[in-house]
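Just so you know, we're using full-length UniProt numbering here: the sequence shown kicks off at 1 and counts up by one.
Beta carbons are placed, not taken as given, at the ideal position from N, Cα and C, and that holds for glycine.
First comes the structure, then the notes that go with it.
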Amino acid sequence: SGPGWILGATSASRCPGVCDPGVPEDLTPEGTQVSWDEDIPAINQGLIPEETPDSSFLVEGDIIRPSPFRLLSVTSNKWPKGASGAVEVPFLLSSKYDEPSRRVIMEALAEFERVTCIRFVAYKGQRDFISVIPMTGCFSGVGRSGGMQVVSLAPACLRRGRGIVLHELMHVLGFWHEHSRADRDHYIRVNWNEILPGFEINFIKSRNSNMLAPYDYSSVLHYGRLAFSRRGQPTIIPLWAPSVHIGQRWNLSASDITRVRRLYDCSPSAPDSQGRGFQDHTNGRSRTPDSRPRLQRLLEALSVEPRNPRAGGQPVAAGPVERKLRVEAVVRPAQTAAAAGTPDTAPEQPQLAPFPEAGDPPAPAPGSPALPGDCVPRSPFRGMSRD
């Protein structure tokens, strides 16, 4: 039989050295799920019906396709760390969002700030920033692309809480989908016969495997069982833990947090907006973030229509050609950072997205203390193979 400690499996919390699935104690695993028609693939299929797999500007359902012609002299797609140890990501929030929608988005930003060294700060003329706008669908690029980069969160992306926002922001920070990992065949089976014809490209497996933590069924970056299903049958089938819940859209899992901390070399001493270090996710569980005065003030400040002509508060209604041209004009490809999963050269096939570089997860520097609640990056299948 297979190992019982795979992240997200019902037995994971009983096994030493493994991250807890990250489900709050007062919430059942079922409560973290969204129905297939409320998740990202179905939302984008419904809102962008004119897009086909061959012409879509998206890959894997919600990642803006990098242009092979723009992979020029870029060295890192990581957001830079400041002298304080915090990583600041400037952002604009469109005033087209109503109050409940803004609240959902801000809750997601607060969760990152509470458990990592990532700080989403108001845009004040910085060169690189994200513009969060209600375009058609839920999508973003992977990593820092330079200049303004779009994060689209349509109203449908916000109806069930902050989970989809967290998913897209993980892409912004440099992470690809969990079910696309190079080692995914040890943990899931892709049911190719049940995928919508032409959408098989969304299940292309990574050629490499550096994902900074073990495979995690409970990652917010994992798609659900019915992603791109042609007739309501599973397209993603978990192995070893057939009944495990996948595709949770509630919070960052413990391993999601670990990946961010490791990629950005977060220290618990990195100050937040009130001069405090980030809070450890106790026993691997991420609780709903508390309200914070600074975020409330930031939310109020962002309620004003941005004056910058590049801001995200402009009308976004457009046809498919105009929209694709607009996205192409403001989005560059992800920059090179092996740990984040980005390309060094243009892909051989432009229609395919680049994937993470090979290598084992980086070990902590000699003598440095482990981060609180950090996962142990080990694989039960190291040195083994399966047919």
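Query: Within 10 angstroms of the Cβ of E113, are there 16 or more other Cβ atoms? Answer buried if so, exposed if not.; Result: buried
Query: What did DSSP end up calling S243 once you bin it into helix, strand or coil?; Result: coil
Query: By how many angstroms is the C-alpha of T116 removed from the C-alpha of Y217?; Result: 21 Å
Query: Helix or strand or just coil, what does DSSP make of N77?; Result: coil
Query: Could you tell me which of Q126, N202, N193 sits nearest to G232, measuring between CA atoms?; Result: N193
Query: Under 7 Å Cβ to Cβ from K81, same chain only, skipping five residues before and after it: list those, please.; Result: V87, Y264
Query: Quick test of the definition: if touching needs 3 or more C-beta pairs under 8 Å, does the region 189-204 touch the region 155-162?; Result: no
Query: Expressed to the nearest angstrom, what Euclidean distance is found between the alpha-carbon atoms of F139 and P268?; Result: 30 Å
Query: Can you give the beta carbon distance from V151 to V121, rounded, assuming they're within the 8 Å contact cut?; Result: Not a contact, Cβ separation roughly 15 Å.
Query: CA-CA distance, T235 and S84?; Result: 45 Å
Query: Checking 7 Å against the spacing of the C-beta atoms, do R162 and A108 come in under that value?; Result: yes
Query: For L239, I'd like the list of residues in its chain whose CB is within less than 8 Å of its CB, leaving aside the five on either flank, ordered along the chain.; Result: G2, H186, Y187, I188, R189
Query: Using a 10 Å radius around the Cβ and a threshold of 16 neighbouring Cβ atoms, would you call R230 buried or exposed?; Result: exposed
Query: Nearest CA to the CA of L92: which residue from D128, E60, D62, L221?; Result: D128
Query: In angstroms with no decimal places, state the Cα-to-Cα distance between A42 and R159.; Result: 14 Å
Query: Does K124 pass the burial test, meaning 16 or more other C-beta atoms within 10 Å, or should it be called exposed?; Result: exposed
Query: Using only the alpha-carbon positions, how far apart do N77 and R102 sit?; Result: 27 Å
Query: Can you tell which of M148, V142, R249 has its C-alpha closest to the C-alpha of V165?; Result: R249
Query: I'd like to check one pair, A182 with S219: are the Cβ atoms closer than 7 Å?; Result: no
Query: In this structure, does DSSP put V190 in helix, strand or coil?; Result: strand
Query: To which residues of the same chain is E60 closer than 6 Å at the C-beta, ignoring the five residues directly before and after it?; Result: H177, N202
Query: Tell me whether R159 sits in a helix, a strand or coil according to DSSP, three-state version.; Result: coil
Query: Hey, out of V132, M106, P66, whose CA is closest to S94's CA?; Result: V132
Query: Buried or exposed: which applies to D39, given that a residue is buried once 16 or more other Cβ atoms fall within 10 Å of its Cβ?; Result: buried
Query: Measuring only the C-alpha atoms, how far is C266 from D62?; Result: 27 Å
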